[in-house]
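One structure below.
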Amino acid sequence: MRLRSLFKTSLFFFGLCFLVYIMLYMQAGHKEATPTDLVNQFNVVQKKGYSGLKMEWLHYVSKRPEFTKAPAKKPVEHSSKEQKVADAPKQRQRKSLQMSQIYEELEFVNTPGGAWTQGFPISYNLDQWAEKPLEVFLVPHSHQDPGWVMTLEEYFRTKTKKCLDSTLKVLESRPDARFSYAEISFFSMWVAGLTEDEKNRVKKLLNNGQLEVVSGGWVMTDEAAGHHYAMLDQLIEGHQWLLENFDYRPNVSWSIDPFGHSPTMAYLNRKMRFSAMVLQRVHYEVKKYLAKRQSLEFSWRQYWDNNGHTEILAHMMPFYSYDVPHTCGPEPAVCCQFDFARLQRFKCPWKIQPQVITQNNVAERARLLADQYRKKAMLFDNDGLLLVPLGDDFRYLSEEEWGLQMDNYGRLIQHFNSNPEYRIKVRFATVSDYFNALHQRLKTRTNEPHLATEMAQLTGDLFTYADRDHDYWSGYFTSRPAEKSLIRHLESELRSAELLYSYTHQFLASDQTRYALLPGFQSSLFGHLTEARRTLGLLHHHDAITGTAKPLVASDYVTKLLNAIRATRLVFSVSVAHLLVLFVGHRAADNPRLPIPGAVKDRLESLLANTNPLDGLQDVSSLEDEFFAEGLSRSRILKLDPKGSPSFIYLFNPVPYSRTLSTTLTLQGPAPKTLLVTQSTLKEQLISQRDLIVQLEPSVQYNSPRGVELFTARIGPVVMGPMSLTRLSVQVDGKTIVTPLQPSSRDSSDSDATDIVLSSDTVELRFDAQTGLIKQFIDRLSGLYLDVLVDFVQYHTAQNKPHSGAYIFVPEGAGKVMELPKTPQLRIVRGPLCEEITVYTQYVNHTVRLYKDARYPSQAIELQNTVDLCSTNNMELVMRVRTNISSAHRTFFTDSNCFQFIQRTYYDKLPLQGNLYPMTCAAFVEGFPEVRTDQKPVSDKDPHIRLSLLTAHAHGVTSTNAGELMVWLDRRTPQDDDRGVESPLVGSWITESRFVLHIETLERQSSGPFVNVPRLSLPTYRALTDLLRPVQRIFISSSWINLMPAQFALFGDARIPCDYELLNLKTYHSRSQVFKAITNTKGAQIGLILHRLAPFVKSSHPADDQAMVDLCESSAPELDIKTIFAPLKLSQAAKLRRLTMIPEPDETLNWHSSVTVEPMELETFLLN
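When you number the sequence shown by the UniProt record's numbering, it's gap-free, plus one each residue, and the end is 1168.
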């Protein structure tokens, strides 16, 4: 009976509970998950005239309770043309997003979005957070530009130091405080002034997670103009500094201010093993497109990746900026009221100021803020997490400012967290705190930054950025081109210095007889090498290489650049001297362990005692051009001995394959018409001399003093082995007569109707006799005739807003073809090594040069423009190359940071400035010729013709018509463009821009893993490398020459496969325990960075070139470390997980005698 009674009682109790549950359930309203992707889930897509791609709800969806029943606070109503953002789904289906397809779909009409001007109204249902409250991560940060309207040092003195000093105190006194910081250039300056106790306190904050360094690069790099070499190098420098000072490794990338985003940067971030990356400056229409699909968090994947190994989680901020008014939610007038620093220092532009949070107003303020948080959360599909940055430029400069934010947000946080009805939990956090929670929610593996398969996948790049209307940030692709050119020169020379320093350092350390010289070598040079590395990093800051800093700051950047170039040349020269002098002793057959002669040691020590870059070196010095703050570079002069004693120079080939080409020297002598130049070669211990051809002409760079003749001598063909130093001797010998060329100088009135022709064995170029500009290209081997017309176009900007400035390009109407003088002055040079023609105009001197020096590829045509816009303050000068290639749909290809190529399409729905893209190294168009050589109709069986335009430094580029490329050369704007720099883009710089034009026919490829990947042919790649990694010249005095070999190959007879790039060979001197097992006897680590290219696209080659192609295709796809580095006694390499040259604490180094890199990949190896 008792059991029966107990059973009845239990049954009644459970029944009562069930009825209560049903009543509560009906009162609360039934929650049903709404699909995330309205395009895929509902399949209701309609085109509605001008409004573009719009979504409509199905009939049954519109009647569901969460869309008909208003929440406690009535949301903004949707118009019939606007899309609601759905509830977060329980099950996700992966979306594939391609930027090329997004651009096809978007109409770019900038439809007003209400309170969120560039978006759309947002509503939400509070019940969707019933099971899990919305978790809000407030991330205090301070974005700090290492130069913009102040110099690096001025910013540090007046702002950065105050910020970091106060942050240290606040983080220690308030355990709930958090701070995220990015720029190591500033951070290192601050740490240098700390005591050891303060450094230990900083380390404690880093270790406990209150302080986070995000990205960890020397700067927050620009992603448009930089070569991937420099973008990676500044990351390595920052991470090495963090390791050395705090044993710290950044985990996430924070890139909130660069003006557009590159997939190459995403790839580098993935190879840094970052778990995620944050982006901000993306075209507002793209943001809106992704927000409607709740795809602002996506897996960014390289388009050539077939298995997802390059994917990295990316978080795109939804709104206009990274400041507080644009980070809490879609309504800046509301969000600005929660930037409590404005209680003290700033005002809200929307004229509603923040209020101090008190017990009396906290509930009302919390409701207002919660509404913004919920609306912003509706734009993401991440199971209820929200990242809310809390900062701006140079924030948290005092403990008082910290207190305003912490105290007021502290009261709001306490109110949210203690009142469950908000269904919101808020805390102060770092960027990693947010992504750690996100990875946990998505069940992503924490030890590998691969993403859950539900995450949307995006491919493509995020250029060109527009922040409002038709204000496209495409002007900075070209702004201050002289600075961009100098940066590329520093990059090239720094790489050579890195190679030679690393090689020489290891060479000294690998043998007892040389070891005594190592301390002086290292102590004298490594500081200069570090200075150059850090300057290159600093100049890739997104307001430096972009040309968007104030004039005084830009001038400071150039000063730093020139100092770094001097430091780099010093490292290069001293390394060469040590290597060549000591190599003779090393190869002595009788006893290689004989001590170094005292006289040799004295000379080397004397060299090291005078290593001030400003003083230069007398006996060993660079012959590279001298650069100036504003204006052209100038060749260094080699003075000849009139009595016939030879002068000696060495040429350094910094690439791992042989080269044959000519080089130039500027010579001074009384009458250097009897000139002998020989190349010394060494084979089987025998030195032989080979006379070279000399093409001599009066120098056009100098006004020679009376009685002194200056000549430019082009010398060649010089044959250089891979990674080698080759000696030339130059002397007046009284026998070998070289008659200086007398270039013809004429104007068009002197010419008749016939064309001007330049020709080599393989190419003929025809020029208009009236203008001197090229009109036709003829391949003498294949018989291809192609119309190639070069001219110049001018754009101007309006006086009314919007107008062009350092950042944006807003042309006033169509461009106008630059008028040539009625009688243009022409200069024509014909010689045995090259032929060239120069046209002189008011704004540009344009030279076309055709080489005949047996270089590869022989069809490469050099274009050189010397642009002088000093006399105008309102002009953008563009070089236009037009052909009769019929490129389909006005498609063209531009490189992404010299790492990969992206297909572009010119859209009429975008203005010209929106069709402009960054050209870091190259662009090309390809297709059928409009008319065949034999006049027969063009068919699909005809080969494609490709015209590639390769550049020595970054520019903006577009293609307004089929078969055309337009390249922006320089620009001046009379006004500021209202983006903060508050200066017009004016100045007295003169810029030399160098290009190579390469025309080839492509063979068809219908299969293979990279068949749809745009890539270069082998000859085009070699031509680009000649432009970016030129041969370097160094003078050696005759008193040293007997101590040096005639030539020296760093890699001996070893070969590197043709599709491998030796990106860098770097040395560090870290004391970190992670290097303990591999540090050499002098405390150094040496790392090798390799890049393997995609398989070269096949092109039709001349017979002589085909042998080189065959050799490349037959080479083994691996590197034999022991053979390559045999002189250095390095025999093994271990691949690292990160590109930073830093092993992870749990990483096991697997040593191998040979290494392989997959196509398109970058890898770093430590050598041992």
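Yeah, the Cβ is synthetic: ideal placement off N, Cα and C, and Gly gets one too.
Distance between residue j and residue i (C-alpha atoms, nearest Å)
i: D197; j: H541; result: 31 angstroms
i: L765; j: P929; result: 18 angstroms
i: residue 1184; j: E491; result: Since the displayed the chain opens at 1 and closes at 1168, residue 1184 lies outside it and no answer follows.
i: Y856; j: Y843; result: 32 angstroms
i: V149; j: Y465; result: 22 angstroms
i: Q900; j: T920; result: 11 angstroms
i: G49; j: E105; result: Its pLDDT being 27, under 50, G49 is placed unreliably by the model, and nothing is read from it.
i: F1165; j: C1058; result: 19 angstroms
i: E223; j: T478; result: 14 angstroms
i: R569; j: A370; result: 59 angstroms
i: L675; j: C1112; result: 38 angstroms
i: K601; j: S1038; result: 18 angstroms
i: Y21; j: A130; result: The pLDDT assigned to Y21 is 45, lower than 50, so where the model puts this residue is not dependable; a value taken from the coordinates is nonetheless given after this. Using only the alpha carbons, I get a separation of about 15 angstroms.
i: D247; j: Q144; result: 23 angstroms
i: I637; j: Q1073; result: 49 angstroms
6 angstroms Cβ shell around residue i - same chain, five flanking residues per side excluded
i: C870; result: S988
i: R994; result: Q864 and A952
i: P911; result: H470
i: residue 1175; result: Since the displayed the chain opens at 1 and closes at 1168, residue 1175 lies outside it and no answer follows.
i: I1124; result: F1051 and A1054
i: V571; result: A497, Y501, L525, H528 and L529
i: E812; result: H796, T797 and A798
i: D768; result: K775
i: F1096; result: S1017 and L1018
Beta-carbon proximity of residue i to residue j, cut-off 8 angstroms
i: V278; j: S253; result: yes
i: Q679; j: G831; result: no
i: A954; j: P1009; result: no
i: V957; j: L969; result: no
i: S875; j: Q794; result: Per the sequence shown, residue 875 should be read as Met rather than Ser. Contact flag set, yes.
i: Q1047; j: T660; result: no
i: K1122; j: E1003; result: no
Closest Cα partner of residue i within the set the options
i: R904; options: A923, I1041 and S886; result: A923
i: Q302; options: N207, M99, L126 and V219; result: M99
i: M189; options: K643, K162, G209 and G963; result: K162
i: M720; options: N653, E697 and L243; result: N653
i: P311; options: F428, Q280, N269 and L243; result: Position check: residue 311 holds Glu in this sequence, whereas Pro was assumed. Nearest of F428, Q280, N269 and L243 to E311, Cα basis: N269.
i: T823; options: V817, T195 and V839; result: V839
i: L152; options: F648, D761, L552 and L623; result: L552
Cutoff 8 angstroms; reference residue i; Cβ partners in own chain excluding five residues on either side
i: H59; result: Annotation note: pLDDT 29 at H59 (below 50); position unreliable, coordinate value reported separately. Hits under 8 angstroms: none found.
i: K132; result: D383 and G384
i: A888; result: G927 and A962
Where residue i sits in the DSSP three-state scheme
i: D120; result: According to the sequence provided, residue 120 is Phe. The question's Asp does not apply to it. In this structure, F120 counts as coil in the three-state DSSP scheme.
i: L171; result: helix
i: E1158; result: coil
i: W300; result: strand
i: E56; result: With a pLDDT of only 25 at E56, under the threshold of 50, the placement of this residue in the model should not be trusted, and no figure is reported.
i: Y906; result: coil
i: A466; result: strand
i: F1050; result: The sequence given here has Leu at residue 1050, not Phe. DSSP places L1050 in coil when its eight states are reduced to three.
i: H315; result: strand
i: Q1085; result: strand
i: Q668; result: strand
i: L1166; result: strand
i: G260; result: coil
i: H803; result: coil
i: E212; result: strand
i: F346; result: coil
Residue i Cβ short of 7 angstroms to the ligand GTP heavy atom set
i: L536; result: This structure does not include the ligand GTP; it has no bound ligands of any sort.
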